[in-house]
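Following the working numbering, the numbering of the sequence shown begins with 12 at its first residue and continues without gaps.
Backbone N, C-alpha and C fix where the C-beta goes; we use that ideal spot for every residue, glycine too.
These numbers come from a predicted model, not from an experiment.
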Amino acid sequence: MQVSALGFLLRTLAASALLAPLFALAQGTVQNLSGTLSVQRPDGSVRALAERSSVFAGDVISTERDSYAQLRFTDGGQVTLRPNTQIKIETYAYEEGRPDRDNFAMQLFKGGLRSLTGLIGKRTTNRNAYRMVTSTATIGIRGTDYSAIDIPAPPPGQSAPPNLPPPGVYVTVADGQIAFISGGVEQLVGIGQVGFSSNINLPPTLVPPPPNLPQVSPPPSFGQSLKPTSINAGSSMECVVQ
Numbered sequence: 012m013q014v015s016a017l018g019f020l021l022r023t024l025a026a027s028a029l030l031a032p033l034f035a036l037a038q039g040t041v042q043n044l045s046g047t048l049s050v051q052r053p054d055g056s057v058r059a060l061a062e063r064s065s066v067f068a069g070d071v072i073s074t075e076r077d078s079y080a081q082l083r084f085t086d087g088g089q090v091t092l093r094p095n096t097q098i099k100i101e102t103y104a105y106e107e108g109r110p111d112r113d114n115f116a117m118q119l120f121k122g123g124l125r126s127l128t129g130l131i132g133k134r135t136t137n138r139n140a141y142r143m144v145t146s147t148a149t150i151g152i153r154g155t156d157y158s159a160i161d162i163p164a165p166p167p168g169q170s171a172p173p174n175l176p177p178p179g180v181y182v183t184v185a186d187g188q189i190a191f192i193s194g195g196v197e198q199l200v201g202i203g204q205v206g207f208s209s210n211i212n213l214p215p216t217l218v219p220p221p222p223n224l225p226q227v228s229p230p231p232s233f234g235q236s237l238k239p240t241s242i243n244a245g246s247s248m249e250c251v252v253q
């Protein structure tokens, strides 16, 4: 029995050692939450998230109506989701001493968000280290504070709601500068300007700030977290959207 018990213990320890890297793969946490936030894991399971819940690569994360959520990642980056938003964390890799392995890919399926860039994409010359895919553009970030809003096209046979701007992706910049690329054309967008892309095959344009453009305006309790820090600041860096 003693030998059997020892063998069981050794097998348990070995299994724990193998699983340890998996538990270390929590790429971020829910830092602030107001309302309802859910996640669909890669295995198809769905669960509600709360403050301090972990998020992982492969997760599809959704906010419900009147809900705001803020995610903080291990590289110091933050993503704030507005109501009725859905994103997917495609990939995430960050090791403090290995900037060559940095990799953060996210997809915006619907809704809108504000992103304060962390160290991924800042500390390496690899412009593809950080990227976001939207319905009309791929966004590559280098040290900036930006918001992206995706206004969906109305269903066939229906008119666009009068209280929304024309369908497409709108990008605004609070810190830094972005190059907005679609249709093979690059358009620089600076602080206070609005970039608009209606179709991935058409050139982007600068447009007057739409008065009815949805905003990422979370509760006041989120406010301090949204202010740029030494990690988030990067007005001399660039953000590339293509």
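Nearest to E107 (by Cα), restricted to the options R52, T135, G194, G187: T135
Contacts around T216, its chain only, beta-carbon distance under 6 Å, and the 5 residues preceding and following it disregarded: F207
Beta-carbon gap between L124 and A171 smaller than 8 Å: no
Heavy atom of the ligand NAD within 7 Å of Y141 beta-carbon: Looking for the ligand NAD in the displayed structure turns up nothing, as the structure carries no ligands at all.
Assigned exposure category for A80 - 16 Cβ within 10 Å defines buried: buried
Per DSSP, the bridge partner or partners of N114: A104
Under the three-state DSSP convention, the category F67 falls into: coil
Per-residue DSSP class, three states only, for S209: coil
For S126, three-class secondary structure by DSSP: strand
Option nearest Y157 by Cα separation, candidates S193, V90, P177, T147: V90
Local conformation of S56 per DSSP, three classes: coil
Short Cβ contact (8 Å threshold) for Y103 with A140: no
Supposed close pair F115, I131 - CB separation, criterion 8 Å: 5 Å
Per DSSP, cross-strand counterpart(s) of L217: G206
Among R76, Q42, Q118, the one whose alpha carbon lies nearest that of L60: Q42
For S45, three-class secondary structure by DSSP: strand
Residue from A190, Q188, A185, P225 whose Cα sits closest to the Cα of P178: P225
Continuous beta strand (DSSP E) stretch holding S193: start and end: 189-193
Pairwise C-alpha distance: S78 and L48: 7 Å
For R256, the first and last residue of its enclosing beta strand (DSSP E): Residue 256 cannot be examined here, being either before or after the span of the chain that is shown, 12 to 253.
N-terminal and C-terminal residue of the beta strand (DSSP E) that A185 is part of: 179-186
Cβ distance (whole Å) where A164 is taken to contact F191 below 8 Å: Not a contact, Cβ separation roughly 19 Å.
Supposed close pair T155, T183 - CB separation, criterion 8 Å: Wrong, their Cβ atoms sit about 11 Å apart, outside the cutoff.
Alpha carbon of V200 to alpha carbon of P221, nearest angstrom: 15 Å
Supposed close pair T96, V66 - CB separation, criterion 8 Å: Their Cβ separation, rounded to whole angstroms, is 14 Å, which puts T96 and V66 out of contact at 8 Å.
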